[in-house]
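Just so you know, the protein sequences line up as chains A and B, in that order. Okay, so the first sequence: first residue is 2 according to our numbering, each after it adds one. Okay, so the second sequence: first residue is 5 according to our numbering, each after it adds one. Glycine is no exception: its CB is placed at the ideal position from the N, C-alpha and C atoms. Okay, structure first, notes after.
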Amino acid sequence: MKCSANQAGLPIGDKSALGIDRHSTHIAAMLATSASTAVIRVTALAKRFGDVIAVDGVNFIVPPGETVALLGGNGAGKTTTLSMLLGLLLPSEGSIEVLGEDMLRHRYRVLHRINFSSPYVEMPRRLTPRENLSVYGQLYGLARVRARVEEIAEELQLGPFMNRPTGSLSAGQRSRIALAKALLNRPELLLLDELTASLDPDTADWVRSYLERYRARTGATILLASHNMGEVERLCSDVLMMKSGRIVDRGSPAELIARYGRHNLEEVFLDIARRPDEVAAQ
Amino acid sequence: MTASSIDREVRLRREPSAFSLRRMTAMVLRYLYLLRGSWPRIAELIYWPTVQMILWGLISQFFVTHSSYVAQAAGILIAGVLLWDVLFRSQLGVAVSFLEEVWARNLGQLFVTPLRPYELMLSLAAMSFIRTIVGIVPAALLCIPLYHYSIFTIGLPLVAFFINLMVFGWAMGLMVSGCILRYGLGAESLAWLAIFALAPISGVYYPISILPGWLQPIAWALPASHVFEGMRAVMFEHVFRTDLLMQALLLNAFYLVIGGVVFLAFFRAVRRRGLLLQMGE
Numbered sequence: 002m003k004c005s006a007n008q009a010g011l012p013i014g015d016k017s018a019l020g021i022d023r024h025s026t027h028i029a030a031m032l033a034t035s036a037s038t039a040v041i042r043v044t045a046l047a048k049r050f051g052d053v054i055a056v057d058g059v060n061f062i063v064p065p066g067e068t069v070a071l072l073g074g075n076g077a078g079k080t081t082t083l084s085m086l087l088g089l090l091l092p093s094e095g096s097i098e099v100l101g102e103d104m105l106r107h108r109y110r111v112l113h114r115i116n117f118s119s120p121y122v123e124m125p126r127r128l129t130p131r132e133n134l135s136v137y138g139q140l141y142g143l144a145r146v147r148a149r150v151e152e153i154a155e156e157l158q159l160g161p162f163m164n165r166p167t168g169s170l171s172a173g174q175r176s177r178i179a180l181a182k183a184l185l186n187r188p189e190l191l192l193l194d195e196l197t198a199s200l201d202p203d204t205a206d207w208v209r210s211y212l213e214r215y216r217a218r219t220g221a222t223i224l225l226a227s228h229n230m231g232e233v234e235r236l237c238s239d240v241l242m243m244k245s246g247r248i249v250d251r252g253s254p255a256e257l258i259a260r261y262g263r264h265n266l267e268e269v270f271l272d273i274a275r276r277p278d279e280v281a282a283q
Numbered sequence: 005m006t007a008s009s010i011d012r013e014v015r016l017r018r019e020p021s022a023f024s025l026r027r028m029t030a031m032v033l034r035y036l037y038l039l040r041g042s043w044p045r046i047a048e049l050i051y052w053p054t055v056q057m058i059l060w061g062l063i064s065q066f067f068v069t070h071s072s073y074v075a076q077a078a079g080i081l082i083a084g085v086l087l088w089d090v091l092f093r094s095q096l097g098v099a100v101s102f103l104e105e106v107w108a109r110n111l112g113q114l115f116v117t118p119l120r121p122y123e124l125m126l127s128l129a130a131m132s133f134i135r136t137i138v139g140i141v142p143a144a145l146l147c148i149p150l151y152h153y154s155i156f157t158i159g160l161p162l163v164a165f166f167i168n169l170m171v172f173g174w175a176m177g178l179m180v181s182g183c184i185l186r187y188g189l190g191a192e193s194l195a196w197l198a199i200f201a202l203a204p205i206s207g208v209y210y211p212i213s214i215l216p217g218w219l220q221p222i223a224w225a226l227p228a229s230h231v232f233e234g235m236r237a238v239m240f241e242h243v244f245r246t247d248l249l250m251q252a253l254l255l256n257a258f259y260l261v262i263g264g265v266v267f268l269a270f271f272r273a274v275r276r277r278g279l280l281l282q283m284g285e
């Protein structure tokens, strides 16, 4: 599956390389009708904190069913962009459309259809995962909360620690609980900020595999902010390279690797990250 | 995920209503889970009102024989301390429940669900009511065998006093929570300090008339002053002052609107500044 959100914001590419019939599910069908061209459409998005420009006139779209990465170093503007997409942060300029709705004016029309996970937030540590997930299930208005919690616990193999305080769990177990929360409402759009940052390689691989299966099964769209190049190459059909609040390049991992004449995405990342220093040196 | 379960989900994916009792009770449930799983929190709720009541009960017993003021109405100080604790627990119930979200770094998660800020405010108020009842009722009951005084002898006016103090506590709690939201945990101590600033001018243990003249208008601008004056009228004169009740109700409506506006304004400021994801220990 190679698809690029190009500079003009138009999706191009083949959508069936993984053999996934994303229109085979009801959710995908609903996506197709509710957001015919883009799940996310960001136009001239900017955020300033005083004199600091955190995000500087960003444009991109994310087509339905794609997994797209926001890639960039610390302070590149990834988390700020995700926060604005979620409505946690109000932009200084620009517009955000998610699932066909203007997020600045009608975010409550779509919040029940999206979800997110971030290392910057946690769930109450004294509550058990079962209690936490039950509360979130009700907040998302699920029909049969208890059954859904059991279902997601089984899918993510949370059974052994569902009744222990969340704070007593290991980082890996807590990450799986966070993922369970993020998938609880079967989101059509999943925003993930450094999902596997604190996980050991085995657990991280398990999480990535699960996400691949989830996306293949539901046709959900995923926007992933990550520092892990291997993860991005494996999961994402498109990459938006961010630096100093701007999208400085974009394309599929293979396209970027070819364009920069590198062997992998990490080398591309380093190339882009170090470019100003090289220019200054010259 | 079966086709039927997806069908159910899809049907449910209509736009959520602007107000949901279910979302509000989900938040109350979240705070009750926390209380249920933490006996020190429950003990703390009961501990302070009980200790206060015992202390002031002993002082009252002394003054009954040495002060004509207290001797006129046995239990006046105990009633004062119990009602003051209603106000304090009500304010603290809102602020501490909100602080639990900040301590847990949970605000970012909550506000990407369909939960509206005003639903959170209502759940904080509901939780404040529960926490106040859990804290005050045991102290009020313990007072009966210890000092042969029952605050329930005040009768129906007690309900009016209780409601007014609860509502004023909610208003103060929302203002304090708004400050914590805006200024972070640096403003945490406001949860405990803010209400005590009002104690000297609320007339809990003495009439407003003994305050300096310039301070009295400020005191009368607080609903609590009207409640405690009303309490003294019932206990000393056996008269229920509806004028004081009405003034307290009007002031409470004003402060509640101010509390809500402050909380919502700071919530919007926090969304502009991007603090929701950063807030925590």
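So the candidates are the options; which of them puts its Cα closest to the Cα of residue i?
i, options, result
"Thr44 of chain A", "A:Val63, A:Leu157, A:Met242 and A:Met230", "A:Val63"
"Gln158 of chain A", "A:Asp194, A:Gly252 and A:Val208", "A:Val208"
"Pro202 of chain A", "A:Leu212, A:Glu232 and A:Lys182", "A:Glu232"
"Tyr284 of chain A", "B:Val74, B:Trp107, B:Asn256 and B:Tyr51", "The requested residue 284 of chain A is not part of the displayed model; chain A covers only 2 to 283."
"Ile140 of chain B", "B:Ala191, B:Ser127 and B:Ser154", "B:Ser154"
"Ser42 of chain B", "A:Thr129, A:Leu72, A:Ser135 and A:Glu234", "A:Thr129"
"Arg177 of chain A", "A:Leu134, A:Asp52 and A:Ala259", "A:Leu134"
"Ala198 of chain A", "A:Leu112, A:Ser119 and A:Leu71", "A:Ser119"
"Leu185 of chain B", "B:Arg277, B:Gln65 and B:Leu62", "B:Arg277"
"Gly138 of chain A", "B:Pro118, B:Trp88 and B:Ser127", "B:Pro118"
"Gly173 of chain B", "B:Ala144, B:Ala99, B:Gln113 and B:Gln95", "B:Gln95"
"Gly84 of chain B", "B:Leu255, B:Leu162, B:Leu189 and B:Ile222", "B:Leu162"
Whose C-beta lies closer than 6 Å to the C-beta of residue i among residues of the same chain, with five residues either side of it excluded?
i, result
"Ala55 of chain A", "Lys48, Gly78, Thr81 and Gly246"
"Arg42 of chain A", "Ile62 and Glu98"
"Gly234 of chain B", "Arg245 and Leu248"
"Tyr261 of chain A", "Val269 and Asp272"
"Ala33 of chain A", "Annotation note: pLDDT 48 at Ala33 of chain A (below 50); position unreliable, no value reported."
"Thr26 of chain A", "Note that Thr26 of chain A scores a pLDDT of 45, beneath 50, so its modelled location is shaky; the value from the coordinates is reported in the next line. The answer, listed in chain order, is Thr219 and Gly220."
"Leu279 of chain B", "none"
"Thr29 of chain B", "none"
"Thr6 of chain B", "For Thr6 of chain B, the predicted structure reports a pLDDT of 48, less than 50, and the residue's modelled location is therefore unreliable. A value from the coordinates is still provided. None."
Go through its chain and collect everything with a Cβ distance to residue i's Cβ below 8 Å, but skip five positions before and after it.
i, result
"Gly95 of chain A", "Val43, Thr44, Ala45, Leu46, Ala47, Gly58 and Val59"
"Ile28 of chain A", "Residue placement at Ile28 of chain A is flagged as unreliable, the pLDDT there being 43, under the threshold of 50; a coordinate-derived value is accordingly withheld."
"Ala237 of chain B", "Val243, Phe244, Arg245 and Leu248"
"Ala269 of chain B", "Gly182"
"Pro142 of chain B", "Ile50, Pro53 and Thr54"
The beta strand (DSSP E) that contains residue i, what's its start and end?
i, result
"Met242 of chain A", "Asp239 to Lys244"
"Leu225 of chain A", "Thr222 to Ser227"
"Phe50 of chain A", "Ile41 to Phe50"
"Arg247 of chain A", "Arg247 to Gly252"
"Val69 of chain A", "Thr68 to Gly73"
"Phe61 of chain A", "Val53 to Val63"
"Glu94 of chain A", "Glu94 to Val99"
"Asp194 of chain A", "Leu190 to Asp194"
Along chain A, which residues have their Cβ under 7 Å away from the Cβ of residue i?
i, result
"Glu19 of chain B", "Arg110"
"Gly177 of chain B", "Residues of chain A passing the Cβ test: none, with the nearest at roughly 20 Å."
Applying a beta-carbon distance threshold of less than 9 Å, which residues of chain A neighbour residue i?
i, result
"Ser42 of chain B", "Arg127"
Along chain A, in chain order, which residues have C-beta atoms closer than 8 Å to that of residue i?
i, result
"Tyr135 of chain B", "For the record, residue 135 of chain B in the displayed sequence is Arg; it is not Tyr. Within 8 Å Cβ-Cβ: nothing; Arg135 of chain B doesn't reach chain A, min ~16 Å."
"Gln282 of chain B", "Tyr121"
"Arg275 of chain B", "Gly88, Leu89, Leu90 and Leu91"
Can you give me the Cβ contacts of residue i inside the same chain, cut-off strictly under 7 Å, excluding the 5 residues immediately before and after it?
i, result
"Ala36 of chain A", "Note on Ala36 of chain A: pLDDT 44, under 50, position unreliable in the model; the coordinate value appears next. Here the set comprises Pro65, Leu100 and Gly101."
"Arg272 of chain B", "none"
"Leu49 of chain B", "Arg135, Val138 and Gly139"
"Gln76 of chain B", "Phe240"
"Leu202 of chain B", "Leu226 and Ala228"
"Ala205 of chain A", "Thr197"
"Val150 of chain A", "Arg131, Leu134, Ser135 and Gly138"
"Leu39 of chain B", "Arg45 and Ile46"
"Val274 of chain B", "Leu185, Arg186 and Leu280"
How far does the alpha helix (DSSP H) with residue i in it reach, from first residue to last?
i, result
"Ala195 of chain B", "Leu194 to Leu197"
"Val90 of chain B", "Ile80 to Trp107"
"Phe67 of chain B", "Trp43 to His70"
Taking residue i as the query, report the chain B residues whose CB atoms sit under 8 Å from its CB, ordered along the chain.
i, result
"Gln139 of chain A", "Arg26, Arg27, Thr29, Ala30 and Leu33"
"Thr81 of chain A", "Gly278"
"Phe162 of chain A", "Per Cβ cutoff of 8 Å: no residues; Phe162 of chain A is ~15 Å from chain B at best."
"Gly142 of chain A", "Leu16, Pro20, Ser24, Arg26, Arg27 and Pro118"
At 7 Å on the CB atoms, spell out the chain B contacts of residue i, in chain order.
i, result
"Glu132 of chain A", "Tyr37"
"Ser84 of chain A", "Gly278 and Leu281"
At a CB distance below 8 Å, what residues from the region 179-203 of chain B approach chain A? Give them in sequence order. Flagged: no residues at all.
For the region 107-128 of chain B, list every residue whose C-beta sits within 8 Å of some C-beta in chain A, in sequence order. Ala108, Arg109, Asn110, Leu111, Gly112, Gln113, Leu114, Phe115, Val116, Thr117, Pro118, Leu119 and Arg120: these are the residues of the region 107-128 of chain B whose beta carbon lies less than 8 Å from some beta carbon of chain A, given in chain order.
Short-range partners of chain A found in the region 22-51 of chain B, where Cβ spacing is below 8 Å: The residues in question are Ala22, Ser24, Arg26, Arg27, Thr29, Ala30, Met31, Leu33, Arg34, Tyr37, Leu38, Gly41 and Ser42.
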